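*Asks:* The structure that follows is given in the form of structure tokens.
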Amino acid sequence: AQSVTQLDSQVPVFEEAPVELRCNYSSSVSVYLFWYVQYPNQGLQLLLKYLSGSTLVKGINGFEAEFNKSQTSFHLRKPSVHISDTAEYFCAVSVAVDTGRRALTFGSGTRLQVQP
Amino acid sequence: ETGVTQTPRHLVMGMTNKKSLKCEQHLGHNAMYWYKQSAKKPLELMFVYNFKEQTENNSVPSRFSPECPNSSHLFLHLHTLQPEDSALYLCASSPGGLAGLYNEQFFGPGTRLTVL
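Dropping the structure here:
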């Protein structure tokens with residue numbers, strides 16, 4: 086079975102500083118990878134996704150992530166954060182469980198707290 | 002209305018009440034999901050419907066009863082809940098068919114449920 090590990094439950098960072106949110110997964114089969122963001126009192130919103138092709142994926146709001154197959158990681162990065170980036174970030178992995186069917190597993194989330 | 006909507010946004014109920022949560026998607030998707038989001042825990046997938054048929058029930062107690070009358074609407078009927086059922090209940094949708102299940106999902110804003 087696949088699993089997703091977000092190593093940091095909280096990441097405090099100052100405004101305009103760079104940030105990296107870490108995500109590691111375990112799966113022996115091909116994966117699709119996602120990062121979602123959840124702002125207070127809202128549902129999850131897709132930030133970016135990796136399905137195939139270039140391992141560097143760019144998403145909304147200036148975020149990007151890099152798929153590293155050898156390290157089974159999909160870390161999320163932003164070179165300069167804003168106060169408005171304060172939110173919960175979820176990594177998710179979709180793997181094929183049988184022909185034509187996939188299973189989606191979410192990590193436990195990382196709370197990004199941007200301080201002025 | 003666009004995207005995925007959920008009503009009500011907030012619900013407070015006693016343990017003997019019966020209530021229903023409603024989800025509606027305007028994306029033309031054929032798969033819909035119910036998730037439970039509790040503090041400090043990963044998202045818990047509860048139910049999956051694909052083309053109105055329930056394809057997954059993750060050992061959810063029978064006090065939660067889903068209903069999917071068509072591909073655009075999903076309900077979660079609640080009765081005799083416990084205080085530990087208090088959580089944010091999220092609805093999501095995705096392109097249907099087995100190949101579309103568990104790929105990118107689009108989330109509603111959630112219903113914040115409090116059981117007294």
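One line per chain: the protein sequences are E and H, in this order. Under our numbering, think of the first position of the first sequence as 86, with each following residue one higher. Under our numbering, think of the first position of the second sequence as 2, with each following residue one higher. Just so you know, even glycine gets a beta-carbon here, dropped at the ideal spot from N, CA and C. Remember, predicted model here, so these are calculated numbers, not experimental data.
How would you write the range of the beta strand (DSSP E) that K41 (chain H) sits in, first residue to last?
*Replies:* Unbroken run through K41 (chain H): none, as it is neither H nor E.
*Asks:* Helix, strand or coil, according to DSSP, for P125 (chain E) in the structure here?
*Replies:* P125 (chain E) falls in the coil class under three-state DSSP.
*Asks:* List, in order along the chain, the chain E residues whose C-beta lies closer than 7 Å to that of G109 (chain H)?
*Replies:* Within 7 Å Cβ-Cβ: G128.
*Asks:* Decide yes or no for the touch test of the segment 66-83 of chain H against the segment 13-31 of chain H: beta carbon pairs closer than 8 Å, at least 3 of them.
*Replies:* They touch, by the three-pair rule.
*Asks:* Does the separation of the CB atoms of K42 (chain H) and S94 (chain E) fall below 8 Å?
*Replies:* No; because the gap between Cβ atoms is not below 8 Å, this pair is not in contact.
*Asks:* Apply the 10 Å Cβ neighbour rule to K37 (chain H) and answer buried if 16 or more other Cβ atoms are within range, or exposed otherwise.
*Replies:* The residue in question, K37 (chain H), is buried, as its Cβ has 16 or more Cβ neighbours within 10 Å.
*Asks:* Going along the chain, which residues of the segment 75-98 of chain H sit with their C-beta nearer than 7 Å to a C-beta in chain E?
*Replies:* Residues L91.
*Asks:* So which residues on chain H does S115 (chain E) lean against when the C-beta distance must stay under 9 Å?
*Replies:* Within 9 Å Cβ-Cβ: nothing; S115 (chain E) doesn't reach chain H, min ~13 Å.
*Asks:* Taking the alpha-carbon positions, what's the V122 (chain E) to A150 (chain E) distance?
*Replies:* Cα-Cα distance, rounded: 13 Å.
*Asks:* What does DSSP give as the partner residues of M33 (chain H) in its beta bridges?
*Replies:* H:Y50, H:S94.
*Asks:* Since G202 (chain E) meets chain H, which of its residues come closer than 8 Å, beta carbon to beta carbon?
*Replies:* As displayed, chain E neither begins before 86 nor continues past 201, which places residue 202 (chain E) out of reach and without an answer.
*Asks:* Since T157 (chain E) contacts Y117 (chain E) with CB under 8 Å, what's their CB separation in whole angstroms?
*Replies:* The Cβ separation is near 14 Å, so there is no contact.
*Asks:* For R162 (chain E), which residues does DSSP report across the bridge?
*Replies:* Answer by DSSP bridge pairing, in chain order: E:E105, E:E149.
*Asks:* Please name the residue in E:L189, E:P201, E:H167 whose C-alpha comes closest to that of F119 (chain E).
*Replies:* Checked all of E:L189, E:P201, E:H167; the closest Cα to F119 (chain E) is E:L189.
*Asks:* Leaving out five residues before and five after D86 (chain H) in sequence, what residues of the same chain have Cβ atoms less than 6 Å from its Cβ?
*Replies:* Within the same chain, D86 (chain H) has close Cβ partners V116.
*Asks:* When you compare only the Cα positions, how much space is there between R64 (chain H) and K143 (chain E)?
*Replies:* C-alpha separation (whole angstroms): 42 Å.
*Asks:* Considering only C-alpha positions, which residue in the set H:N51, H:A88, H:P84, H:E57 is nearest to P70 (chain H)?
*Replies:* The option with the nearest alpha carbon to P70 (chain H) is H:N51.
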